[in-house]
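All remarks here apply to the structure that follows.
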DNA sequence: GTCTATATTTGGATAGAC
DNA sequence: GTCTATCCAAATATAGAC
């Protein structure tokens with residue numbers, strides 16, 4: 006069976022890598038994304054630190070796998086979301102899914118959307134996943150009549166501002182994000198007003 | 006003269022500490038706020054690394070001095086600003102001063118308003134300076150009829166969202182902050198509408 | 001693929017002389 | 001207040017046996 010369609014060993018290896026990434030997220034949750042160390046990760050997995058190098062050639066390669074994993078989860082969640090037919094409500098729904106995703110796991114949000122590890126730059130393959138998620142937002146906004154790049158920028162910045170404030174100043178609460186729909190509605194109304202003239 | 010009014014030596018010492026802080030900002034500008042090291046700082050000053058401990062008992066104490074220094078600069082700038090009599094324009098002016106301050110020196114902005122050094126928590130004295138700056142914004146907003154804490158939260162989050170996006174994605178440009186006045190105006194109009202009913 | 005052992009680097013902090 | 005000399009700890013990464 007060995008080597009037939011290259012499957013069995015590769016699958017086992019992929020499964021092990023997924024376990025490692027899952028353990029890395031656990032640690033990131035406890036000590037922050039920047040506090041993750043390979044020693045602690047190996048300890049958690051019951052192996053020795055150098056053994057990790059059989060799977061990831063560097064710590065940044067591990068971060069890259071986490072980055073890709075996080076983006077895949079976001080894409081899955083967006084995929085599993087039934088968007089309402091009304092374009093405006095579709096925007097609200099998309100953004101709500103995104104904010105829930107962000108608040109569900111703040112180290113993940115930080116790795117995907119902030120830049121907490123200066124040495125880490127996502128690979129082209131991983132970055133493509135992030136662009137795919139962004140593309141779904143572009144689509145939903147376009148359907149709601151938002152096609153001006155400046156408007157997209159503003160909406161993204163407003164949502165990020167609320168999420169960042171929420172995470173930094175009131176973790177677990179809703180003090181900032183509860184204004185999401187109102188703020189977005191305000192902006193969309195204004196954009197519609199501007200484009201109708 | 007020694008000891009008379011406790012002045013001369015204390016002044017020299019304070020001046021030297023200010024030099025150290027200035028050099029620390031230079032390095033933060035080059036290597037990022039988290040990339041600052043005491044060895045590099047001492048090298049820049051032409052002294053040895055342990056000598057810094059004559060002025061700061063720890064690296065975090067140095068960060069605290071930088072945090073206080075940054076907030077003093079912000080307060081100075083706000084103090085030097087002539088706010089227009091019209092309350093709405095006063096808000097615009099205050100925010101414009103703030104955004105200019107933020108974009109003038111991004112490591113400084115990060116140290117004051119983001120939390121780039123997990124181990125660092127500002128001392129009570131330093132934090133009081135940050136609160137004093139925030140208090141001036143509260144005043145200006147109150148004069149413009151914004152007294153609901155939720156509205157203050159929203160405006161702060163929106164401005165932070167624009168500034169963070171600007172710094173992260175288009176440093177040195179204006180792609181995001183050029184929307185500042187429009188977004189703030191939009192929000193203030195809505196707030197006025199809400200409070201008039 | 002996992003191990004032991006170790007290299008290497010970095011950087012914060014302390015001791016004690018001057 | 002500054003120096004030399006160290007210490008200590010953490011953490012990434014590599015070499016080579018099994």
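Residue numbers (the working numbering), protein chains in the order written: chain A, 6 to 202; chain E, 6 to 202.
Backbone N, C-alpha and C fix where the C-beta goes; we use that ideal spot for every residue, glycine too.
It should be emphasised that the depicted structure is a prediction, and the values quoted were computed from it without experimental measurement.
- Restricting attention to beta strand (DSSP E) runs no shorter than 3 residues, the region 41-105 of chain A encloses none.
- Going by beta carbons, residue 103 of chain A and residue 164 of chain A fall inside the 8 Å limit.
- The continuous alpha helix (DSSP H) containing residue 141 of chain E extends over residues 129-148.
- Around the C-beta of residue 154 of chain E, fewer than 16 other C-beta atoms lie within 10 Å, and the residue is accordingly described as exposed.
- DSSP places residue 181 of chain E outside both helix and strand once states are collapsed to three, so it counts as coil.
- Chain order gives no chain E residues near residue 65 of chain A, where near means a beta carbon separation below 9 Å; the closest approach is about 16 Å.
- Within the same chain, and ignoring the five residues on either side of residue 159 of chain A in sequence, the residues whose Cβ sits closer than 7 Å to its Cβ are 192.
- Inter-residue distance for residue 91 of chain E and residue 189 of chain A is about 28 Å (C-alpha atoms, whole angstroms).
- Per DSSP, the continuous alpha helix (DSSP H) segment holding residue 36 of chain E begins and ends at 13-36.
- Assigned with DSSP and collapsed to three states, residue 199 of chain E falls in helix.
- Collapsing the DSSP output to three states places residue 119 of chain E in coil.
- Taking 8 Å as the cut-off, the beta carbon of residue 99 of chain A is found closer than this to the beta carbon of residue 88 of chain A.
- DSSP places residue 172 of chain A within a helical segment (H, G or I) once states are collapsed to three.
- Looking from the CA of residue 173 of chain A, the closest CA among E:197, E:183, E:121 and E:200 belongs to E:121.
- Taking the C-beta atoms as reference points, residue 135 of chain E is found no nearer than 8 Å to residue 123 of chain E.
- For the C-beta of residue 191 of chain E, the chain A residues within less than 8 Å are, from N- to C-terminus, 191, 192 and 195.
- Closer than 8 Å to the CB of residue 157 of chain E there is not a single CB belonging to chain A.
- Residue 131 of chain A is positioned such that its CB atom lies closer than 8 Å to that of residue 73 of chain A.
- Excluding the 5 residues flanking it on each side, residue 64 of chain A has same chain C-beta neighbours closer than 7 Å at 43, in chain order.
- Ranked by how close their Cα comes to the Cα of residue 56 of chain A, the residues A:79, A:21 and A:78 have A:21 in first place.
- Excluding its 5 nearest sequence neighbours in each direction, residue 34 of chain E has C-beta neighbours in its own chain below 8 Å: 110 and 112, listed in chain order.
- Residues of the same chain with a CB within less than 8 Å of the CB of residue 76 of chain A, apart from the 5 flanking positions on each side, are 117, 131, 134, 135, 137 and 138 in chain order.
- Cβ-Cβ distances below 8 Å link residue 28 of chain A to 46, 49 and 50 in the same chain, with the five nearest sequence neighbours on each side left out; the list follows chain order.
- Under the criterion of beta carbons closer than 8 Å, residue 68 of chain E and residue 125 of chain E qualify as touching, at roughly 5 Å.
- In the three-state reduction of the DSSP assignment, residue 153 of chain E falls in the coil class.
- Listed along the chain, the chain E residues whose CB falls inside 7 Å of the CB of residue 37 of chain A are 123.
- Judged by DSSP in its simplified three-state form, residue 162 of chain A adopts helix.
- The residues 171, in chain order, have a CB closer than 8 Å to that of residue 179 of chain A in the same chain once the five nearest residues on each side in sequence are set aside.
- Excluding sequence positions up to five before and after residue 37 of chain A, its CB lies within less than 7 Å of the CB of 112, all in the same chain and listed in chain order.
- Rounded to whole angstroms, the separation of the alpha carbons of residue 62 of chain E and residue 71 of chain E is 14 Å.
- Interface residue (Cβ-Cβ distance to chain E less than 8 Å): residue 34 of chain A is not classified as such.
- Of the residues assessed, residue 149 of chain A falls on the buried side of the cut-off, its CB having 16 or more other CB atoms within 10 angstroms.
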